[in-house]
Amino acid sequence: MSHRESRFFLVLALLAFLTAATTGAILRFGLFLGMPSWIHNFGAVRHAHSHLMYFGWGTVALMALIWTRLPGLTGRPLARGVRAQMVATSAVALLSFPAFWSNGYGLTRVGSLELPLGSMVAVLNILSWIVFVVLYVRSTRRLAERPLPLQLWDWAIVLMMVASAGAVSLGVEVTLDLRNPFLQQAGLHLFLDLFAVGWFTLALLGLVWDWLGQRVALPDWLPSQSLATALALTFFLGMSPSLVPPGLFWVAALANLVAGILLAWHLVQLWKRRAQLPRLAWFGMAALALHVSIAVTLLWPDLWRWSGGTQLRIFFLHNLLLGWLSSMLLALILAEQVRLARPVLQLAEGAWILSVATMLAALLGLGFVQFLPVPGHVWLEVAAWASLGPILTGGLTLAGLLLTQEAPVSMAPFPEVTGD
């Protein structure tokens, strides 16, 4: 895939990000100012917001960057069909927004029929991801050596497919009218949680190590398979504590601790090479470090049960998706694909760091509101105003992509690095 084509799909991903971010801001302002009359189902609109962030922003941006980097790692051209796959993936990802808007994963009346539009579009997205996996395998099979980024992408794709089974199960449950709370929660969190901590995190680590490998020597060993194995069991911790038996909790909590330790190993090695990373990536690493530190607290069952009844899950999710994933993606896009005047670049980075840090602090305040002297509506207002910052940074990045005509930073060959 050429850099021009990559920019086209990154533009689509940023349009998805801006749509999702704007929707999130409207919902936040609506919580204390009153919802607009055209938002009839808060939960469904929140589904539209989150799924567009997952499908249209994170997934499309990661795939576009992976396809751009892959020939430099394999020494061979991409498999035929990559452009068509990216067009299809982008199209069905953008379609998820209107599909989820009315009733989320529920049934929506279309003429004389009641259809699970959200589930149907989710299945279409998964089918496009399967095509991505097939093309990725064709592009990377029978390599004599698999550099570290490839190993991380290999396992990221495995976890993407495992997580996708959760989205499929939700659609089956709606279609068959199954009402088993454990199965519903397991399917939801298998998809939402494992997709984020598995596919997003490992794919992004592969991109970051690829960036660094073109500039500095890398460590002799970094975890990949072991990290993926540990992450695969952590989604149970996102379920309602009342549905998770003690034995299952301890399996998931210990797996989460192991995953945290292995992620910390990556973070330590990244921090040693921080001088070669964009400054915005430092903020992303700080968010991942915070996520890793939470793994230790979840070994306390009472704290885990208590947090399940608070707003802390929203904080965890935004720390992972905004603090870690989006910060690192924007850092790489701004560094590789965009030419902005230094003051504009500093404005984009500064607005992002200040606003996202403020939003995360406000969401954390909402989680601990019962212990704090600040009332909940104040935290809601702070989070709402802070939600405007990501829109500004996303808009500046999109403008930079549209205005940048020359080729991005050249890519040097990647040195051999081992994982597990």
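Each residue of the sequence shown is one higher than the last, beginning at 28 in the numbering used here. Yeah, the Cβ is synthetic: ideal placement off N, Cα and C, and Gly gets one too.
What residue from Val87, Leu390 and Trp65 has the CA that sits closest to glutamate 408's CA?
Leu390
For glutamate 443 and glycine 102, what's the separation of their Cα atoms in angstroms?
In this prediction, glutamate 443 has a pLDDT of 39, which is less than 50 and means its spatial position is unreliable; what the coordinates show is noted afterwards. Cα to Cα, glutamate 443 sits roughly 13 Å from glycine 102.
Suppose contacts are defined by Cβ-Cβ distances below 8 Å. Is arginine 110 in contact with methionine 28 by that definition?
yes
Am I right that glycine 350 and valine 319 are in contact with their C-beta atoms under 8 Å? What's the rounded C-beta distance?
The Cβ separation is near 12 Å, so there is no contact.
Indicate the three-state DSSP secondary structure (helix, strand or coil) for valine 195 in the structure shown.
helix
Residues in the same chain with beta-carbon distance under 6 Å from isoleucine 380, minus the five sequence neighbours each way, listed in chain order, please.
Phe310
Should alanine 91 and leucine 54 be called a contact, given that it needs their Cβ atoms to be closer than 8 Å?
no
Taking the beta carbon of aspartate 329 as the centre, do at least 16 other beta carbons fall within 10 Å, making it buried, or is it exposed?
exposed
Decide yes or no for the touch test of the segment 75-91 against the segment 46-64: beta carbon pairs closer than 8 Å, at least 3 of them.
yes
Quick one, which of Ala88, Phe35, His30 and Tyr132 has its alpha-carbon nearest alanine 75's?
Tyr132
For asparagine 207, count neighbouring Cβ atoms within 10 angstroms of its own Cβ and tell me buried if that reaches 16, exposed if not.
exposed
Restricting to Cα atoms, I'd like to know which of Pro305, Leu105 and Leu429 is closest to glutamate 376.
Pro305
What does a CB cutoff of less than 6 Å around leucine 425 pick up in its chain, not counting 5 residues either side in sequence?
Leu41
Considering just the uninterrupted stretch of the alpha helix (DSSP H) at arginine 306, what are its terminal residues?
306-324
Could you check what DSSP says for tryptophan 327 in three-state terms: helix, strand or coil?
coil
In the structure shown, what three-state DSSP assignment does arginine 103 receive?
coil
Can you give me the start and stop residues for the beta strand (DSSP E) that threonine 135 sits inside?
135-137
Considering only residues of the same chain and omitting the five flanking positions on each side of leucine 468, which have a CB-CB separation below 6 Å?
Shown here, the chain extends from 28 to 447; a query on residue 468 therefore has no answer.
For arginine 31, the nearest candidate out of Leu60, Thr95 and Leu134 (CA to CA):
Thr95
Report the three-state DSSP secondary structure of glutamate 172 (helix, strand or coil).
coil
Closest by C-alpha distance to glycine 416, when choosing among Glu363, Leu429, Ser354 and Ser129
Ser354
Using the Cβ count rule (16 or more neighbours within 10 Å means buried), how would you classify arginine 34?
buried
Quick one, are the C-beta atoms of leucine 428 and leucine 374 less than 8 Å apart?
no
Spell out the partners DSSP gives glutamate 376 in its beta bridges.
Per DSSP, none; premise fails for glutamate 376.
Which stretch, first to last residue, makes up the alpha helix (DSSP H) that contains leucine 419?
415-430
DSSP-derived helix/strand/coil call for leucine 140:
strand
Could you work out which residue in Val114, Leu140, Gly145 and Gly335 is closest to alanine 71 when comparing CA atoms only?
Gly145
Contiguous alpha helix (DSSP H) assignments of at least 4 residues, all confined to the segment 342-387:
354-363
8 Å CB neighbourhood of proline 176 in its chain, flanking five on each side removed:
Arg96, Leu100, Gly233, Leu234, Trp236, Asp237, Gly240 and Phe441
Boundaries (first-last residue) of the alpha helix (DSSP H) holding glycine 108
Glycine 108 -> no alpha helix (DSSP H), and no H or E assigned at all.
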